[in-house]
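Residue numbers (the working numbering), protein chains in the order written: chain C, 15 to 548; chain Y, 4 to 314.
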């Protein structure tokens, strides 16, 4: 072998080694990117496409169209709202036909703006939202809001409910005497007129829930606000905190530790179970199944005690933090939880057998309060209520937030969309939650539970943040704007509002004996109805 | 005259005591099944809970009318026809069973009459709806009672009880007993006796009637249920017949409370049937046909035995 050939071999070897090292580096980078969600999420391509389309068609009308987290924010003035909405509906390339939520912008006392309204609009096959922020004209806020609502009501059926609720001219006179008022609901009243015990017209008044003033978050730092977010869904307090923390983390591009993600999933599922068990106990109470009600409450109490040990609170946990969670969970609690799971499954199965196999309940709940797929889409229903009507949509699968992608679980769905289906879906979701908790407990990695950041030096330009989670009632969204350290606006789009807007339609034509059952089967949380600034 | 007064006082004391114990049992059983081991009120009141409840009714404003007054009278009068022991009966007549049926119907009709107008402008108020359901539930019970009359060939309580010295009537009429028991359980569910202050299916309910008038209505509801249980015990389970060395009166109490507690527990496991459609499906497609079959079979045996002398 000549010296030339030898050097050639050496050269080949060097090239090979370099190549190998390069690939190895890349591999690491790929793994790192996957871990840090460096790759685009599945909906990002659609999001890009919609953003460009909106820029192309409505770029002149809107003052800004930007991405906020995994959603899009479009800001328009009140004057140009009508052509914008027409374009949303009529343009096949945009096709934003579903109004999911509507909220006041809630400008804080220190805000520079006069006021605004934020609409959460989406399409039928889109998994993200367009937040349409409408800046109000100078002058009377209430009048301007009513004008916007009437414009929205022309395009979206869901807005009709808000118009009847908020619009001054459509309000029924409670003293007229022809309407009966049904009391005992959290956060809203129902007034209805009857004809032969069949409900003729329904008016749902959510004014009892409008209790928070515009300075709800005035003078509070964002980390202080977490404790208040739980109040937006007091049946499952963790989700308000989670969605808020997630949104801020997304804005700050903060990657939280893996253990914190797992703990968040664990807590979410525990609170989901708590909410569903509360739902079952409510239904049992209305249908007078005392044994089932007591068993459901007993199971709920057991889970509440676990959450109390972990978080220190039962209703509003104040457990989430920006960058992770407040405290770690001890291994003894996890072991105990794992031991309890099979027993919990057995007991909940027993409750299901008592309830769902009973012919009285089946007869009572079949074909009552039926939500069809189309109706659910029109009113922007989400969560178990949507899944009961036949759509297999779950934010945990679609968005893959936290680490739900690592776990195996199925999304239960029904067909008919009646009360019975909605009850059965809750049971199926509890079983899936038990399955998820089992996996979380066995897979939970070691490590820190919070990425500590100093929020004191936070100095941001006006920037919007948005996020969404799958809460037990449906899809909970948050939208806000942050400048410096202070919040400029905050809107929480709870799924219960959509469900309540549909309740009126469901009640019309049904028997007055079914009012409580239909409302309870929709699982409306009074906290989510909270609004300010109207 | 003194004897009648003595009997009246005895019967009144027994009825009042039973009412007290029944109310206590209802609240205690419900509270024992609750998660926190009892409603707070029950724990505070303890054995005196029914008395506290009675006082709480008195403290409210009431709209009395003539129907409420009559309701109270008839709810007491019904106990005059049923024998508590062979000697302790105020009106001893041959057709006491017929009188009892008549009294039950009168109580239900009076309940209806007192609540025909509602403040909610519905066709019927919550109480009226309940009472109409109860009225239709009495149909299978009365059909079963007629079958008992055919078996024993008598209209009187005392005679029917005395005829059960060998076998209780439950042996001859098991289906009739089941029908009576199911109807009583359903009545308990309809009256919602174990749920104080809980609004009805549509959230109206408990606002109708307050104070002493509400108390009298509640008393009449208790009377209907307890009297029907008492009647079932007399007609099917041998009534105040001695069992070996145990005295008849004690046996009567044991039987009465066994059936009462059983009905309470059965009611806990069942869902409510306040829904009209469902209720009529259960009653008219299950209970009444079953009662008719029972009656037809009994009638067949009666004709074969008494007219043709076959059996």
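Idealized CB from N, CA, C, for every residue including glycine. Nothing here was measured: the structure is a model prediction, and the numbers come from that model.
Residue ranges of each alpha helix (DSSP H) within the segment 251-317 of chain C, 4 or longer: 252-266 and 272-300
So what does residue 246 of chain Y bridge to, in DSSP terms? By one-based count along the second chain, residue 246 of chain Y stands at place 243. Answer is Y:249, bridged to residue 246 of chain Y.
From the DSSP output, read off the bridge partner residues of residue 115 of chain C. One-based indexing of the first chain puts residue 115 of chain C at position 101. Looking at the DSSP assignment, residue 115 of chain C forms a beta bridge with C:134.
Compute every distance between the C-beta of residue 244 of chain Y and the non-hydrogen atoms of the ligand ZN, then say whether any falls below 7 Å. Of ligands this structure carries none, so the ligand ZN is not represented either.
Touch check for the segment 269-289 of chain C and the segment 456-476 of chain C: three-plus C-beta pairs under 8 Å? yes
Can you give me the C-alpha to C-alpha distance between residue 28 of chain Y and residue 434 of chain C, rounded to a whole angstrom? Residue 28 of chain Y sits at position 25 when you count from the first residue of the second chain. Residue 434 of chain C sits at position 420 when you count from the first residue of the first chain. Each residue's Cα considered, the two are about 34 Å apart.
Cβ of residue 252 of chain Y less than 8 Å from any chain C Cβ? Numbered from 1 along the second chain, position 249 holds the residue referred to as residue 252 of chain Y. Not an interface residue.
To be precise: take each residue of the segment 374-404 of chain C, compare its Cβ to all Cβ atoms of chain Y, and keep it if any distance is under 7 Å. Which residues remain? 374, 375, 377 and 378
Rounded to a whole number of angstroms, what is the C-alpha to C-alpha distance between residue 502 of chain C and residue 495 of chain C? Taking the first residue of the first chain as 1, we reach residue 502 of chain C at position 488. Taking the first residue of the first chain as 1, we reach residue 495 of chain C at position 481. Distance between the alpha carbons of residue 502 of chain C and residue 495 of chain C: 5 Å.
Using a Cβ cut-off of 7 Å, pull out every chain Y residue sitting near residue 301 of chain C, in sequence order please. Residue numbering aside, residue 301 of chain C sits at position 287 when the first chain is read from its first letter. Near residue 301 of chain C (Cβ distances below 7 Å), the residues of chain Y are 274 and 275.
Among the residues of its own chain, which have a CB less than 8 Å from the CB of residue 314 of chain Y, if the five just before and after it don't count? In the second chain, the residue the question calls residue 314 of chain Y occupies position 311. So the qualifying residues of the chain are 304, 307 and 308.
Apart from the five residues just before and just after residue 78 of chain C, which ones in its own chain have a Cβ nearer than 6 Å to its Cβ? Working through the first chain from its first residue, we reach residue 78 of chain C at position 64. 89.
With DSSP as the reference, identify every bridge partner of residue 477 of chain C, one or two as the case may be. Position 463 of the first chain, counted from the start, is the residue given in the question as residue 477 of chain C. Partner(s): C:496.
Just verifying my parser: in three-state terms, what is the DSSP assignment at residue 201 of chain C? Numbered from 1 along the first chain, position 187 holds the residue referred to as residue 201 of chain C. It is coil, neither helix nor strand.
Identify the continuous alpha helix (DSSP H) that holds residue 466 of chain C and give its terminal residues. If you number the first chain from 1, residue 466 of chain C lands on position 452. Where residue 466 of chain C is concerned, there is no enclosing alpha helix (DSSP H), given that its DSSP letter is neither H nor E.
Let me check understanding here. Comparing Cα to Cα, which of C:393, C:414, C:422 and C:427 lies closest to residue 401 of chain C? Your numbering for residue 401 of chain C matches position 387 in the first chain. Nearest C-alpha to residue 401 of chain C: C:427.
Is it buried or exposed for residue 191 of chain C, if we count other Cβ within 10 angstroms and need 16 for buried? On the first chain, residue 191 of chain C is found 177 positions in, with the first residue counted as 1. A caution first: residue 191 of chain C carries a pLDDT of 47, below 50, which makes its placement in the model too unreliable to give a value.
Separation of residue 136 of chain Y from residue 224 of chain Y, as counted between CA atoms: Within the second chain, the letter at position 221 stands for residue 224 of chain Y. Within the second chain, the letter at position 133 stands for residue 136 of chain Y. If you take the alpha carbons of residue 224 of chain Y and residue 136 of chain Y, they lie about 13 Å apart.
Through-space distance from residue 185 of chain Y to residue 541 of chain C, alpha-carbon basis: Here residue 541 of chain C is taken as the residue at index 527 of the first chain, counted from 1. Here residue 185 of chain Y is taken as the residue at index 182 of the second chain, counted from 1. Taking the straight line joining both Cα atoms gives about 42 Å.
Please state if the CB of residue 135 of chain C and the CB of residue 143 of chain C are separated by a distance shorter than 8 Å. Residue mapping note: residue 143 of chain C aligns to position 129 of the first chain, counting from 1. Residue mapping note: residue 135 of chain C aligns to position 121 of the first chain, counting from 1. Yes, the pair counts as a contact, with Cβ atoms nearer than the cut-off.
Starting from residue 216 of chain C, trace the beta strand (DSSP E) in both directions and tell me its first and last residue. Locating residue 216 of chain C in the first chain gives position 202, where the first residue counts as 1. That run of the beta strand (DSSP E) goes 212-219.
Under the three-state reduction of DSSP, which class applies to residue 88 of chain C: helix, strand or coil? What you label residue 88 of chain C is simply residue 74 of the first chain in a count that begins at 1. DSSP places residue 88 of chain C in strand when its eight states are reduced to three.
Endpoints, the alpha helix (DSSP H) within which residue 425 of chain C is located: As a first step, residue 425 of chain C is located in the first chain; it is residue number 411 there, counting from the start. Premise fails: residue 425 of chain C is in no alpha helix (DSSP H) and is neither H nor E.
From Y:192, Y:179, Y:49 and Y:181, residue whose alpha carbon lies closest to that of residue 133 of chain Y: The count along the second chain starts at 1 and reaches residue 133 of chain Y at position 130. For the residues Y:192, Y:179, Y:49 and Y:181, the minimum Cα distance to residue 133 of chain Y belongs to Y:192.
Among the residues of its own chain, which have a CB less than 6 Å from the CB of residue 390 of chain C, if the five just before and after it don't count? The residue given as residue 390 of chain C occupies position 376 in the first chain. Around residue 390 of chain C: 400 and 403.
Show which residues of chain C have a CB atom less than 8 Å away from the CB atom of residue 36 of chain Y. Locating residue 36 of chain Y in the second chain gives position 33, counting from the first residue. Within 8 Å Cβ-Cβ: 304, 305 and 308.
Using a Cβ cut-off of 7 Å, pull out every chain C residue sitting near residue 271 of chain Y, in sequence order please. Mapped onto the second chain, residue 271 of chain Y falls at position 268. Chain C residues near residue 271 of chain Y: 304 and 305.
Residues, ordered as in the chain, of the segment 180-200 of chain Y that lie near chain C by beta-carbon distance below 7 Å: 192
With a threshold of 16 other CB atoms inside 10 Å of the CB of residue 4 of chain Y, please say whether the residue is buried or exposed. By 1-based counting over the second chain, the position of residue 4 of chain Y is 1. Residue 4 of chain Y is exposed by the Cβ-count criterion.
Can you pull the chain Y residues whose beta carbon is under 8 Å from the beta carbon of residue 203 of chain C, in chain order? Position 189 of the first chain, counting from 1, holds the residue named residue 203 of chain C. Those do not exist, as residue 203 of chain C stays about 11 Å from chain Y at its closest Cβ, beyond 8 Å.
Going along the chain, which residues of its own chain have a beta-carbon closer than 8 Å to the beta-carbon of residue 545 of chain C, five neighbours each way excluded? What you label residue 545 of chain C is simply residue 531 of the first chain in a count that begins at 1. Hits under 8 Å: 117, 118, 220, 223, 224 and 226.
Between which two residues does the alpha helix (DSSP H) holding residue 221 of chain Y run? Here residue 221 of chain Y refers to the residue found at position 218 when the second chain is read from its first residue. Taken as a continuous stretch (DSSP letters only), the alpha helix (DSSP H) holding residue 221 of chain Y covers 214-239.
How long is the line joining the alpha carbons of residue 73 of chain Y and residue 67 of chain Y, rounded to whole angstroms? For the purposes of this step, residue 73 of chain Y is taken as residue 70 along the second chain, with counting starting at 1. For the purposes of this step, residue 67 of chain Y is taken as residue 64 along the second chain, with counting starting at 1. Between residue 73 of chain Y and residue 67 of chain Y, the C-alpha separation is close to 11 Å.
What distance in whole Å lies between the Cβ atoms of residue 80 of chain C and residue 72 of chain C, which are believed to be in contact at a cut-off of 8 Å? If you number the first chain from 1, residue 72 of chain C lands on position 58. If you number the first chain from 1, residue 80 of chain C lands on position 66. In fact, because the Cβ distance is near 13 Å, the residues do not count as touching under 8 Å.
Taking DSSP as the reference, what is the three-state secondary structure of residue 488 of chain C? To locate residue 488 of chain C, count along the first chain from 1; it is residue 474. It is a strand residue.
Is the CB of residue 372 of chain C under 8 Å away from at least one CB in chain Y? Here the question's residue 372 of chain C lines up with position 358 in the first chain. For residue 372 of chain C, the answer is yes, since a Cβ of chain Y falls inside 8 Å of its Cβ.
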